[in-house]
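Each remark here refers to the structure printed beneath this line.
In my numbering, the protein residues as written are 25 to 109.
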């Protein structure tokens, strides 16, 4: 499985036209909890912010194979903040 974080979050364009920001291959992932959890060490931290080096608002594509053809899922990275009651 490969997860691609694109430079753009524009769904009016094709995934190929959105550029490559990060590519995360799960080939070296560890399977934990009887297969219900996967753990993967990243080469570098991924920033959870908007703009610059952050991934909030970027398009994400999930591919079942490393050739990155025909995404099995796509979305936009988002963040919800709920104030404490």
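Cβ atoms here follow ideal geometry from the backbone N, Cα and C, with glycine treated the same way.
The closest CA to that of residue 48, considering only 82, 65, 105, is found on 65. Here residue 78 has 71, 72 as same chain residues with Cβ atoms under 8 Å from its own Cβ, once five neighbours each way along the sequence are excluded. Between residue 83 and residue 39, the beta carbon gap of about 7 Å places them in contact (Cβ cut-off 8 Å). Residue 102 and residue 88 have their C-alpha atoms spaced approximately 22 Å apart. Residue burial annotation: residue 55 is exposed, with fewer than 16 other C-beta atoms found within 10 angstroms of its C-beta.
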